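Novice: Can you read through this structure? Questions will come right after.
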Amino acid sequence: MSYLKNDGVTDTEQTTVEDPLYSDTLREECGVFGVFGHPDAAALTALGLHALQHRGQEAAGIVSYDGKHFNAERRLGLVGDHFSRQSTIDKLSGRLAIGHTRYSTTGGTILRNVQPLFADLADGGFSICHNGNLTNALSLRKELVKRGAIYQTTSDTEIVLHLVSRSPRTRFVEKFIDAIRQIEGAYSLVGLTNKKLIGARDPLGIRPLVLGQLDGCYILASETCALDIIGAKFIRDIENGEIVVITKDGVESLHPFPKVKARPCIFEYIYFARPDSLVDGRYVYDVRKLTGKQLAIEAPVEADVIIPVPDSGVPAAIGFAQHSGIPFELGIIRNHYVGRTFIEPTQQIRSLGVKLKHSANRSQVEGKRIVLVDDSVVRGTTSEKIVRMMYDAGALEVHLRVASPPIKFPDYYGIDTPNQDSLLAATHSLEEMREIMGVNTLAFLSVDGLYKSMGFEGRDNLAPQFTDHCFTGDYPTVLTDKNGRSDPRQLSFLA
Ligand code: AMP
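Its first residue numbered 30, the sequence shown is counted upward by one per residue in our numbering.
Below, the structure written as structure tokens:
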């Protein structure tokens, strides 16, 4: 039987300000990666995770299998902080490896939550990593804990290990299917046994997952940019509701769920995925540029210069500028050595983060009527600070154009948008937001405009093409934990 040789848990466990046991969230928005059969499996995984760094900057981990043992390294921090060292890669020997980058969330910033998770099951070791968020993990967990299950983490992903372990089926893949039939919500999973690399995408395909090939070996990754970095060929997206089982004999594709229409998360195109990635048949960059063009059609403005909020507002600003004919300039310079705004756990530090991250480029702003283009407004922190920065740098007028509709509803599928009260557009009218931000005019892309940017005539309200609950409140799955819980504390059953 396989065992975990080195679980990498050498640091003192650290907690965030919030006690993870009493946090109201069990969220994971992350990047996943896997390699089957390559002599440099761990090094390729480290590179893949590096390309997926934008999907999670809080922690990273790799588990490999070397024919005898599973080896694991997990660390808080950026991929490059730890996994660029040859000494680390040397500890992760073997031709099979999976890896994970973890997104900052409110609770649970502790080493034992860092993925890939690993368990020694009856038939051998099983390691798993997850991008997404399960909407019934707490309810399932509560039941299992009552029946004696001992949890090692506060991550929703651990439920999959427990369910696989408890399945009465005999074959591993059947156990895995048994497990994922019980979970709800969003998941792109990459799992590893001593013989198999497994990829699974939830029935709606909410989070992305792709299959690639390098030197005859198969690769799984959240996004194609992680294939590009290692020179792997993109083969195809994993389909919604599909499981791929990769062994020495090749790729087996299984469809254990009734076939339903895919509804990938539209926010991947707006903010989350990297612009150079091809997600479900569309280049993210192209979509973002088209959102800018559509915004210029819907909310034109007379101005001297189009300025993107870097980096995520850049493609939309180019689209806006090209359509409107107004020059595009870099009026804000971004410091790339500071993490994403949301990485900071408190609102106070988050506000500071915006200043650390962006500076006005006075030569392009002073004495000008400017159009600021950003991809989205969540709490409004970024826009408020940046608008002030533009006026301080001498802007005559500031017009804000947002290349997505107002975010009015929280996310339960792994994008860590906050609770509804903190969402600016959920609690304020357009005019109130304009006043708070202090801009001359403010406009958001319409929901139909967003769908037009994706090549549709508009949103199909009877059968929506994407998961767009942040804008519409239309949640595509049941929200068992949210609706079925009387006590908001996630582990209240322990009290
Ligand atoms: P806020 O300052 O709260 O309004 O956040 C808006 C900014 O955060 C925009 O510039 C986006 O590029 C970025 N953003 C949007 N969604 C997210 C997310 N889920 N995580 C981190 N940053 C985000």
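By construction, the Cβ of each residue, glycine as well, lies at the ideal position given by its N, Cα and C atoms.
Model, not experiment: these values are computed from the prediction.
If you compare alpha carbons, which of Val407, Lys318 and Leu190 is closest to Leu146?
Specialist: Leu190
Novice: Counting along the chain, where does the beta strand (DSSP E) carrying Pro337 start and finish?
Specialist: Val334 to Pro337
Novice: Comparing the CB of Tyr300 with every heavy atom of the ligand AMP, is any distance shorter than 7 angstroms?
Specialist: yes
Novice: For the candidate residues Asp497, Leu385 and Ile415, whose alpha-carbon lies nearest to that of Pro435?
Specialist: Nearest C-alpha to Pro435: Asp497.
Novice: Rounded to whole angstroms, what's the CA-CA distance from Val338 to Val402? Just pull it up for me.
Specialist: 6 angstroms
Novice: As a quick exercise: from Tyr132, Gly96, Leu125 and Gly90, pick the residue whose alpha carbon is nearest that of Phe112.
Specialist: Gly90
Novice: Comparing the CB of Val343 with every heavy atom of the ligand AMP, is any distance shorter than 7 angstroms?
Specialist: no
Novice: Per DSSP, Phe65 forms a beta bridge with which residues?
Specialist: Leu125 and Tyr247
Novice: Would you list the one or two residues that DSSP bridges to Arg311?
Specialist: Within the DSSP secondary-structure output, Arg311 pairs in a beta bridge with Val308.
Novice: Taking C-alpha atoms, which residue in Asp257, His284, Gly279 and Gly241 lies nearest to Asp266?
Specialist: Gly241
Novice: From Arg369 to Arg488, what distance separates their C-alpha atoms?
Specialist: Reliability fails at Arg369, whose pLDDT of 48 lies under 50, so the model's placement of it is uncertain and no value is given.
Novice: Below 8 angstroms between beta carbons: does that hold for Ala345 and Lys318?
Specialist: Using a Cβ distance threshold of 8 angstroms, Ala345 and Lys318 count as a contacting pair.
Novice: Rounded to whole angstroms, what is the Cα-Cα separation between Ala472 and Ser156?
Specialist: 46 angstroms
Novice: Following the continuous alpha helix (DSSP H) through Phe112, name the residue where it begins and the one where it ends.
Specialist: Val108 to Phe112
Novice: Alpha carbon to alpha carbon, how far is Val202 from Arg210?
Specialist: 12 angstroms
Novice: Inspect the beta-carbon positions of Gly360 and Ala389 and report whether they are closer than 8 angstroms.
Specialist: Yes, they are a contact pair.
Novice: Between the stretch 56-74 and the stretch 108-126, can you find at least three pairs of beta-carbon atoms closer than 8 angstroms?
Specialist: yes
Novice: When DSSP labels each residue in this structure, what does Asn165 get in the three-state scheme?
Specialist: Asn165: coil per DSSP, three-state reduction.
Novice: Could you spell out where the beta strand (DSSP E) holding His498 opens and where it closes?
Specialist: His498 -> not in any beta strand (DSSP E); alpha helix (DSSP H) instead, spanning His498 to Thr501.
Novice: Please indicate yes or no: does the CB of Ile444 lie closer than 7 angstroms to some heavy atom of the ligand AMP?
Specialist: True, at least one ligand heavy atom lies under 7 angstroms from that Cβ.
Novice: How about Arg236 and Asn160: do their beta carbons lie closer than 8 angstroms?
Specialist: yes
Novice: In the DSSP assignment, find the alpha helix (DSSP H) that holds Phe205 and state where it starts and stops.
Specialist: Phe201 to Ile209
Novice: Suppose you measure from the CA of Ala229 to the CA of Ala261; what does that come to, to the nearest Å?
Specialist: 20 angstroms
Novice: In the stretch 375-448, which residue ranges form an unbroken beta strand (DSSP E) of at least 3 residues, counting only runs that do not cross its ends?
Specialist: Within the stretch 375-448, complete beta strand (DSSP E) segments of at least 3 residues are found at 387-389, 398-403 and 426-431, given in chain order.
Novice: Output the residue ranges of the beta strand (DSSP E) runs that lie fully inside the stretch 460-486 and measure 3 residues or longer, sorted by chain position.
Specialist: 470-473
Novice: In the DSSP assignment, what are the bridge partners of Tyr300?
Specialist: According to DSSP, Tyr300 bridges with nothing at all.
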